[in-house]
Structures are given as C-alpha cells and as structure tokens.
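Participant: The structure that follows is given in the form of structure tokens.
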Amino acid sequence: MVNNTSREHWIDLLRGCCMLAILLFHTESYMAGEALIPYYIYVGDALVIFFYLSGYLIYRPEGFSLRHKMRSILQRLVIPYLAFTTLMAVPKALAHGMTLSGRTVGLLLESIVLGQVSWFVAALIVAELVFSLILHVSRENIWAVVLIAVLGLPTSLFASHHVGECCVWQLNQALLALSYLALGYGIHRMKNNLSIQREWNCTNQGRDFLFPFRFYSLPNGVRKQLCSSLKATMLIAALAALMIIKGLERKSGGNFILCPLQISHGVLFAADSLLAVFLTTEVCQSLEQLCLHTSKAMNSLEATTRRLLWLLEHTGRQSLVYYFFCGGIPLLVSRVLPHIGLTYHDNYGIILLAFALVYLVTGILADLCYRFCPQLAGSRSQKDKT
361 MVNNTSREHW
371 IDLLRGCCML
381 AILLFHTESY
391 MAGEALIPYY
401 IYVGDALVIF
411 FYLSGYLIYR
421 PEGFSLRHKM
431 RSILQRLVIP
441 YLAFTTLMAV
451 PKALAHGMTL
461 SGRTVGLLLE
471 SIVLGQVSWF
481 VAALIVAELV
491 FSLILHVSRE
501 NIWAVVLIAV
511 LGLPTSLFAS
521 HHVGECCVWQ
531 LNQALLALSY
541 LALGYGIHRM
551 KNNLSIQREW
561 NCTNQGRDFL
571 FPFRFYSLPN
581 GVRKQLCSSL
591 KATMLIAALA
601 ALMIIKGLER
611 KSGGNFILCP
621 LQISHGVLFA
631 ADSLLAVFLT
641 TEVCQSLEQL
651 CLHTSKAMNS
661 LEATTRRLLW
671 LLEHTGRQSL
681 VYYFFCGGIP
691 LLVSRVLPHI
701 GLTYHDNYGI
711 ILLAFALVYL
721 VTGILADLCY
731 RFCPQLAGSR
741 SQKDKT
C-alpha cells in the first residue's frame, strides 16, 4: 500500500499472510454460516498487524512530509475506497437480496460517503490522517508518538463502552488503529537509529545499550551465533506467552472483535496483539532471506518454497484490492458451490476447496485491476508499486 523504490520483502510477505487469514475467515463465515476457527485466534491479530505495518511504512529516514503523506493517502486509500465501494455497491446489494430502488441507491451512496462500507479502510484513512497531522504539528516528537501508542487503544475501548459505536468513518476503530500506527512508526524509527549506532560501533569498536560489553570486537561467527541463540530463545518465549494468552482469552469467554468494537479485556487484547506483531515480523524477516536467495543449486523443495513465498509476497503487494474483494468473492463462491452439490455439512475439505477458489478468483481480479486500472487500485503505474 506504499510506493517504495526499495521494498522490504518481509512486509509484503506478512501482509500476504494476513490477507489469506482474512479471506479464510470470510470463506468460513459464508460457507458454514459462522467462523469455524474462533475470531480471537487469528482475525483480530491479522487486522492489527495491517495497522502496525501501515505505521511502520509512515516513517522515513529523510524526514516526514505532510504534503507528500496527504497525497499518498488520497492516492492509496481514498480514491480506491470511493472507486471500489461505488462499483461494488449495487452487485453486493443484489447479492444480499435487496431490491434496487431510488431509496436503496440513496442509502448505498450515504453509507459510502459516511465511510460505513469498508470499515477497515475507512478507519485506516482516518487514523493515518490524524497521525500525520500530529507528526507534523509535533515535528515528529518521539514523546507524542509514545503518547498516541499508549492512549489510542484504551481511549477507543472507553469510547465504545461508554459512548457507543460511532459508525461515521469508524472513529472507534480509528482510535484503536492509532496505537498500532504509532507503534509501527516508533519501531521503524528506533530500528533505523539503532542500525546507525551499530554501524558506528562496528567501525569504532564501541558498545550500545543492548550489548554492554564490546560485542562488536568479537569474531563475526561468534556474534552471529550469539544473536541466533538470543533470537530463538525470545521467539520460543513469545510463542509460549501467546499460547497462554489465547488460552486465557478462551477461558474468559469475552469478545475480542474489532468491528463492531467489542473487546472485553483490553489488557489481554493488547498483550495478544503485541506478541502476534513481534512473532510474525520476526518469522517473515527470516523468510525474507529465502526470497532473496538466488543460488542456482536449489533443489526442488527450495524452488517450491520460493515460489510459494513469491505468491505470498505478490498477494501482500496487492492486499488493498484483495481486501475490497474479501467479502464479495466468498459470498459469490458460497452461492455457486451448492448448485454443484458442494455444501459444508461438517466437511472442512469443502471449506478448503472454497477457500482455494476464493483465493484464485480474487487474485485474478486483483491482477486485472493493477494491470488495467492501477490508479483506482492505489498504484501510480501498472507495476505493483503499492
């Protein structure tokens, strides 16, 4: 969703994984009438990760430009939102059994203008606008970013519990998104500052706050082994903690739904989402090395793995258009398959078949959109500069 001359492959890999999760959720919901895998297991995490990545991509080492960001939001989000929701409004209304009349068309247009058709994109637009204005006014003050990260989620939960759901441009969800935009921005900024510091340390045999001894004076092989061991330990600990939190969420019997915003335990949700962000980013950053691997001596398994990773990355690059189709295509597939005798009836294999069809059809439509109308898809050219 961002124009970049040099892409970080792990970002598109992670967006691709999250997009598949959202497609699976909608496929289950339409084919079986409910989400067979509980929502709290993965859906909320996937949506939060999208917010986090959007914030991560807002940071620029050369400095923040409000004018550039406003133009980017218009091209990447506002124009695609208006275009796709308008084009798909009537077909979706007919698919849901609505009769086409002047009143119906008026209601559809009203819902589009008020940001009620695609809640996620509407919330992201509002959150990015507000966050960009705060960055501009505060001159990218890090404490302003920290304050947003800390207050965004509790403010959204307080508003949803005591004020009620605000459906106009999804303001409650936008407040929640602000926390993760600020988190992503802050992590990228800190990562950039640390990389500059460590480059200096490596050159000057210095030390930093993570390594109080002269870590960079150690042999390269020893440094790599220590870093790999530390990373593996952290990943295992984070995975164990995430599993425990998922168990607590199940035991609580509460809701952890983003739209409508129904989060019963804010602390559990925050811990869950932070661990999910950490784990998935670390895994996808490791997988990125496979995408960049260009050895001619690859065996068939390595070649197949690279193709699958390329497909995930390609999906991630087109994730915005996938999102606009993630409701309509599963609905269409769920209406077609029963006519050829393929219904759920407690057979999850039918769900997997439907999911494969949904992914295939959505991918074809997304490719066509980026090829023939890139401006409507949020791209400046016919290349996938998302």
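Whatever position you read off the sequence shown (first residue = 1), add 360 for our numbering. The beta carbon of each residue, even a glycine, is placed where N, CA and C say it ideally should be. Here the structure is a predicted model, which is why all the values come from computation and not from measurement.
Comparing C-alpha positions only, which one of L517, W503, V506 and I485 sits nearest to V528?
Facilitator: I485
Participant: Nearest to F424 by CA position, among R499, L442, P440 and L474, is which residue?
Facilitator: Nearest option by C-alpha distance: R499.
Participant: In three-state DSSP terms, what is I433?
Facilitator: helix
Participant: Please work out which residues of its chain come closer than 6 angstroms, Cβ to Cβ, to F569, disregarding the five sequence neighbours upstream and downstream, and give them in chain order.
Facilitator: Bear in mind that the predicted position of F569 carries a pLDDT of just 46, short of 50, making it too unreliable to give a figure here.
Participant: When the Cα atoms are used, what is the spatial distance from L590 to L554?
Facilitator: 17 angstroms
Participant: Should A482 and Q530 be called a contact, given that it needs their Cβ atoms to be closer than 9 angstroms?
Facilitator: yes
Participant: What residues match up with Q622 in a beta bridge as DSSP calls it?
Facilitator: I617
Participant: With three or more beta-carbon pairs closer than 8 angstroms as the criterion, would you say the stretch 458–472 touches the stretch 409–426?
Facilitator: no
Participant: Let me confirm a value: M379 is counted as buried when at least 16 other C-beta atoms fall within 10 Å, else exposed. Which label applies?
Facilitator: buried
Participant: So, with DSSP's three-state summary, where would you put L460?
Facilitator: It is coil, neither helix nor strand.
Participant: Determine the direct distance from the alpha carbon of V450 to that of H456, and round the result to whole angstroms.
Facilitator: 10 angstroms
Participant: Could you check the C-alpha separation between L384 and L407 for me, to the nearest Å?
Facilitator: About 13 angstroms.
Participant: DSSP state of H496, grouped into three classes?
Facilitator: helix
Participant: Are at least three pairs of beta-carbons, each pair with one atom in the stretch 462–471 and one in the stretch 704–716, less than 8 angstroms apart?
Facilitator: At 8 angstroms Cβ cutoff, the stretches do not touch.
Participant: Straight-line CA distance for A505 to Y540?
Facilitator: Just to set this straight, residue 505 is Val in the shown sequence, not Ala. Near 10 angstroms, if we compare the C-alpha coordinates of Y540 and V505.
Participant: Rounded to the nearest angstrom, what separates E382 and G607 at their Cα positions?
Facilitator: In the sequence as presented, Glu is not what sits at residue 382; that position holds Ile. In a straight line, the C-alpha of I382 is about 22 angstroms away from that of G607.
Participant: Please return the same chain residues whose Cβ sits closer than 6 angstroms to the Cβ of D727, not counting the five positions on each side in sequence.
Facilitator: none
Participant: Would F480 and Q435 be called neighbours here (beta carbons separated by less than 9 angstroms)?
Facilitator: no
Participant: Tell me the rounded alpha-carbon separation between I604 and I700.
Facilitator: 43 angstroms
Participant: For F424, which three-state DSSP category applies?
Facilitator: coil
Participant: Between K584 and F410, what straight-line distance do the alpha-carbon atoms span, to the nearest angstrom?
Facilitator: 30 angstroms
Participant: How is C686 classed by DSSP in three states: helix, strand or coil?
Facilitator: Three-state result, C686: coil.
Participant: From E642 to W670, what distance separates their C-alpha atoms?
Facilitator: Rounded to whole angstroms, E642 to W670 spans 18 angstroms at the Cα level.
Participant: By DSSP, does Y704 sit in helix, in strand, or in coil?
Facilitator: coil
Participant: On the criterion of 16 or more Cβ atoms from any shown chain inside 10 Å, does V477 qualify as buried, or is it exposed?
Facilitator: buried
Participant: Going by DSSP, what residue range makes up the alpha helix (DSSP H) through Y416?
Facilitator: Y399 to I418
Participant: Classify S772 as helix, strand or coil using the three-state DSSP reduction.
Facilitator: In the structure as shown, the chain starts at 361 and stops at 746, and residue 772 therefore has no counterpart that could be examined.
Participant: Roughly how many angstroms separate the alpha carbons of G709 and A636, rounded to a whole number?
Facilitator: 27 angstroms
Participant: Could you give the DSSP three-state label for G393: helix, strand or coil?
Facilitator: Reduced to three states, the DSSP call for G393 is coil.
Participant: In angstroms with no decimal places, state the Cα-to-Cα distance between F732 and L697.
Facilitator: 29 angstroms
Participant: Quick one: what's got a C-beta closer than 7 angstroms to C311's C-beta in the same chain, skipping five residues either side?
Facilitator: With the chain running from 361 to 746 in the structure shown, residue 311 is simply not present.
Participant: Tell me, to the nearest whole angstrom, how far the beta carbon of I433 is from that of E488; I am working on the premise that it is less than 8 angstroms.
Facilitator: 5 angstroms
Participant: Keeping to the same chain, check which residues put their C-beta closer than 6 angstroms to that of L536; ignore five residues upstream and five downstream.
Facilitator: L513 and S516
Participant: Please tell me whether S694 and M448 are closer than 9 angstroms, where the distance is taken between their beta carbons.
Facilitator: no
Participant: For D372 and V681, what's the separation of their Cα atoms in angstroms?
Facilitator: 14 angstroms
Participant: State buried or exposed for T664, treating a residue as buried only when at least 16 other CB atoms are found within 10 Å of its CB.
Facilitator: When all chains shown are included, T664 counts as exposed.
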